[in-house]
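These notes concern the structure reproduced below.
There are 2 protein chains.
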Amino acid sequence: MRAMTKTEQHVIKGNKPFPFSLPHPLLSALSESTMADLLKSLTWSAHEKGKIIFLAGDAAQFFFVIKSGWVKLFRETMDGDQSVVDVLSAGQIFGKAALFEGNTYSYSAEVVEDAEIGAMPLSLLKREIEVNNAFAQAMIKYMADIRRQQEQEIEHRSLQNAPQRIGCFLLRLTTQGSEGPATMDLPYDKTLLAARLGMQPETFSRALSRLREDTGIRIKGSRIEVDNLNTLSQYSCSACSSNFPCKDLKDRT
Amino acid sequence: MRAMTKTEQHVIKGNKPFPFSLPHPLLSALSESTMADLLKSLTWSAHEKGKIIFLAGDAAQFFFVIKSGWVKLFRETMDGDQSVVDVLSAGQIFGKAALFEGNTYSYSAEVVEDAEIGAMPLSLLKREIEVNNAFAQAMIKYMADIRRQQEQEIEHRSLQNAPQRIGCFLLRLTTQGSEGPATMDLPYDKTLLAARLGMQPETFSRALSRLREDTGIRIKGSRIEVDNLNTLSQYSCSACSSNFPCKDLKDRT
DNA sequence: CGAGGTGTTGAAAGTGCTCAAATGGCGTGG
DNA sequence: CCACGCCATTTGAGCACTTTCAACACCTCG
């Protein structure tokens, strides 16, 4: 919040102004000097779809911030199944958790939509935690948020059926209020979305139709129109312990 | 690790020596003075099975440590389903996460086996985090562990079937090595265990039989005998991204 | 136009859930 | 010590939801 005005002027490789001011809840708690160091050591690179940024188990030296594109975080089981941890886009960071997990990444990261990604040394974060108590507190707060999101995720996977999970995802997509009509676009392709929600593409397809029948939403390709978010809330959130729209918990990294 | 020798001498209400020295990974990082304050303000009480310690959403002033008995952490959905977050026993703490979640508990806690439970003010923790950077770091480390456990839990619920989940639970129960034979006792009744693993009691019963057929374990009431832990590992962990025995991650709070 | 990727649909099988009923252990009151 | 009742556990049958395998419709890009 403080160093931001300066940051906004920061110019990246190629002289294009930095398109977002690292308004990340975590990074905004950095001291100005560390933020400056971070920006100094920040190196950008462009990656094509399919590029693996790192694999689970790799030794970790960097954490990453996304400027554009989409990145999938996932793990693979011994018998070939894949578990999608999350799918992230601009403004989100990943790989920082490695700091506390034996300096290895605990999941793999793959670019699923051409992306520009910045890499920053984890050592800076580590030092900042040790030196700047305010940052350590921000980190704790941030991790508590993640933890809550994960608990919700566990609940969703155990208690909600496929159509409800999709409905819940749509609700978390809305930027508009939590009542009345809304329109939203699925942020990435349906196959990936299915994986993100822990179901097969076929199941996703059928579940979305089912959701349409049950709640009256309209589906036009990747655009979804909802007449009444409340209907959707009621449909999805009745199988969830969080009141009303599971809202307020969007991503997790 | 440091304040422990002193702590071990600590005497609780009723003059019984404290049966464990708060060897909790988190609390052992407290400063000696805070540890002393904590022990001073620690109040013990006995609770019968069925007692609700707190409900999700309650304003939180305390966090708790278990001296004996079992406590179930859970949440309830609007349509009556219950999601068991975890089941804890002696030495484990709970309720501390409320500090970062608007000072309300994010789950409910119920005694499921007569228990002695100590309550400590969250404010002490809060202050310690602000004042003692080493503790803040321990907290971060601790939360990172929890986070990893949760990710594993998500994976288990999505990727493992019922018999595999039980097998994985058994593996995490062993104190013995990770190979060869082992004997273990289910820590609490099967109905609760079923809930903890996210399945119905009937499913648990059938899944356990299935596990017996598939891996050759022997079931005598709540005692389980395994001839070869490797067989079990292979059976359960093939559907999991963590290498071999999901080990090393036992509880989560 | 053809290839490949994405999304949908159908049919069959698998897995877990619900409802119902039977079994077995265990403590209490007689 | 025994009968009774309660509770945990098991078993059976049917059902709901999801997956799997296959086939097909679309769309985009050479």
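For the record, the sequence lines run as chains A and B.
With my numbering applied, the first sequence covers 1 to 253.
With my numbering applied, the second sequence covers 254 to 506.
Beta carbons: idealized from backbone N, C-alpha and C, even for Gly.
Contact list for the region 179–212 of chain A against chain B, Cβ threshold 8 Å: So the list reads G198, given in the order they occur along the chain.
Y395 (chain B) vs P278 (chain B) beta-carbon contact at 7 Å: yes
Alpha carbon of D79 (chain A) to alpha carbon of V71 (chain A), nearest angstrom: Each residue's Cα considered, the two are about 23 Å apart.
Contact set for A239 (chain A): own chain, Cβ-Cβ below 7 Å, skip 5 residues either direction: L159, Q160 and Q164
Within-7 Å CB hit, D504 (chain B) to chain A: Because D504 (chain B) carries a pLDDT of 45, less than 50, the predicted location of this residue cannot be relied on, and no value is offered for it.
Alpha carbon of V340 (chain B) to alpha carbon of V365 (chain B), nearest angstrom: 9 Å
Beta-carbon gap between G57 (chain A) and A115 (chain A) smaller than 7 Å: no
E220 (chain B) to L464 (chain B) span [Cα, whole Å]: What is shown of chain B runs 254 to 506, which leaves residue 220 (chain B) out entirely.
For T436 (chain B) and A138 (chain A), the rounded distance between their alpha carbons: Straight-line Cα distance between these residues: approximately 44 Å.
C240 (chain A) at chain B interface by Cβ criterion, 7 Å: yes
Residues, ordered as in the chain, of the region 63–94 of chain A that lie near chain B by beta-carbon distance below 8 Å: R75, E76, T77, M78, D79, D81, S83 and V85
Host alpha helix (DSSP H) of I129 (chain A) (start-end): L122 to V131
Chain B residues whose Cβ lies nearer than 8 Å to that of C237 (chain A): M331
Unbroken alpha helix (DSSP H) run spanning D79 (chain A), endpoints: Counting along the chain, D79 (chain A) falls outside any alpha helix (DSSP H), and DSSP gives it neither H nor E.
Rounded straight-line distance, which links the Cα of N133 (chain A) to that of V479 (chain B): 48 Å
Of the residues B:S359, B:R459 and B:K320, the one placed nearest I419 (chain B), counting alpha carbons only: B:R459
Distance between E151 (chain A) and F100 (chain A) (C-alpha atoms, nearest Å): 20 Å
Neighbour flag for L55 (chain A) against chain B, beta carbons, 7 Å: So no, L55 (chain A) is outside the interface.
Length of the line joining the Cα atoms of A389 (chain B) and L171 (chain A): 35 Å
CB of S108 (chain A) within 7 Å of CB of E408 (chain B), strictly: No; because the gap between Cβ atoms is not below 7 Å, this pair is not in contact.
Neighbourhood of M199 (chain A) by C-beta distance below 6 Å, restricted to the same chain and skipping five residues each side: A162
Other residues of its chain near Y488 (chain B): CB distance less than 7 Å, five sequence neighbours each side excluded: Q417, G420, D467 and T468
L124 (chain A) beta carbon less than 7 Å from that of D189 (chain A): no
V131 (chain A) beta carbon less than 7 Å from that of I93 (chain A): no
Collapsed DSSP secondary structure at L211 (chain A) in the structure displayed: helix
Burial state of E363 (chain B) (16 or more Cβ within 10 Å): buried
Where S158 (chain A) meets chain B, residues with beta-carbon distance less than 8 Å: S336, R410 and G451
Under the three-state DSSP convention, the category A97 (chain A) falls into: Helix at A97 (chain A).
P17 (chain A) to A282 (chain B) span [Cα, whole Å]: Its pLDDT being 40, under 50, P17 (chain A) is placed unreliably in this model, and the value from its coordinates should be taken loosely. Each residue's Cα considered, the two are about 44 Å apart.
7 Å Cβ cutoff, F169 (chain A) in contact with chain B: no
Span of the beta strand (DSSP E), counted from its first residue to its last, around A299 (chain B): T296 to H300
Rounded separation between G433 (chain B) and L485 (chain B) - CA only: 10 Å
Residue closest to A90 (chain A), alpha-carbon to alpha-carbon, out of A:F54, A:L208, A:P187 and A:D145: When A:F54, A:L208, A:P187 and A:D145 are compared, the shortest CA-CA separation from A90 (chain A) is found for A:P187.
Nearest-angstrom Cα separation, counted from V338 (chain B) out to R449 (chain B): 7 Å
Opening and closing residue of the alpha helix (DSSP H) in which K443 (chain B) lies: K443 to R449
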